[in-house]
Every structure is written in C-alpha cells, then in structure tokens.
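Participant:
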Amino acid sequence: MKDKLFQMSGILILFSAILYMFSPEIAPWIMSISVLIFSLITMTNPYPGKSIRGKRLFNFQVFSCLLMIAATYLMFRNRNEWALVMILGAFFMLYAVIAIPKELDKEKNSD
C-alpha cells in the first residue's frame, strides 16, 4: 500500500508540474498534497544500512523533499523559479535513488 501511494504521489507531482501551464490555480494544490505524501513516506523510510555514505544519500533525499516543498511554496506565489527548485530537487533525488541500492549491495557483499 505504501509503495503504491509513493508511486502515485510521484506521478501526481509530475502531473501538477505539467498542469501548472494550463491551470496555475489548481496545480499548486495537487502539488502540495502529493509532495506532502511523497515527503512523509520518504522520511519514514530511513536508510537501513550502517554506511556513512548511505546515510548521506538518505540526507540527499530529505534535502530533495525540502526543495520540493520550497518549489510548491513558490508555485503558490506564482513565481516561475519553482521549476528550477523542483529540477534541483529531482536531480538530488535521482542521484540518491540510483546510488542507495549500490551502497546497500556493497554493504551486503562486505559482510
């Protein structure tokens, strides 16, 4: 259930970013709800390993969620900088999502 909710919130984040071009008064509300769900699920699933690098990567995920919250605020204020902040958050999240499984594999292999 949590995985499906996480995936749906990610899809809704993308949908609201596109929707902003056509309906800037509705998109921030969809974005705020989906970013809230996405951030809560991310923060309640910390890095399960003991590696310092893995914990740092989890902190990247948390920072990415904070950037998405800031982007949502900028979207409510009708500031076009929201897109830049969202892209930065997406890059941090993408890096962490790619690197965390590799770090977990390294930890399992070293044990």
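Numbering (the numbering used here), first residue to last: -7 to 103.
Beta carbons: idealized from backbone N, C-alpha and C, even for Gly.
In this text, all values refer to a predicted model and were calculated from it rather than measured experimentally.
Quick check: the Cα distance between T64 and N101, rounded to an integer number of angstroms?
Facilitator: For the purposes of this step, residue 64 is taken as the residue at position 72 of the sequence shown. For the purposes of this step, residue 101 is taken as the residue at position 109 of the sequence shown. So the alpha carbons of these two residues sit roughly 40 Å apart.
Participant: Should the stretch 27 to 34 be called in touch with the stretch 60 to 74, which here means at least 3 C-beta pairs below 8 Å?
Facilitator: Contact between the stretch 27 to 34 and the stretch 60 to 74 is present, because at least three Cβ pairs lie under 8 Å.
Participant: Classify I5: buried if its beta carbon has 16 or more other beta carbons within 10 angstroms, exposed otherwise.
Facilitator: Here residue 5 refers to the residue found at position 13 when the sequence shown is read from its first residue. Buried, since its Cβ has 16 or more Cβ neighbours within 10 Å.
Participant: Measure the alpha-carbon distance for P40 versus Y12 and round it to whole angstroms.
Facilitator: The count along the sequence shown starts at 1 and reaches residue 40 at position 48. The count along the sequence shown starts at 1 and reaches residue 12 at position 20. Computed Cα separation, rounded: 36 Å.
Participant: Of the residues L86, M85, M35, M23, which one's Cα is nearest the Cα of L66?
Facilitator: The residue you call residue 66 lines up with position 74 of the sequence shown. Ranking L86, M85, M35, M23 by Cα distance to L66 puts M23 first.
Participant: Could you tell me whether the stretch 66 to 79 touches the stretch 50 to 58, using the rule of 3 or more Cβ pairs below 8 Å?
Facilitator: Result no; under three Cβ-Cβ pairs closer than 8 Å.
Participant: Between which two residues does the alpha helix (DSSP H) harbouring T108 extend?
Facilitator: The chain is shown only over -7 to 103; residue 108 falls outside these bounds and no answer can be derived.
Participant: In this structure, does DSSP put K98 in helix, strand or coil?
Facilitator: On the sequence shown, position 106 is the one that residue 98 refers to. DSSP places K98 in helix when its eight states are reduced to three.
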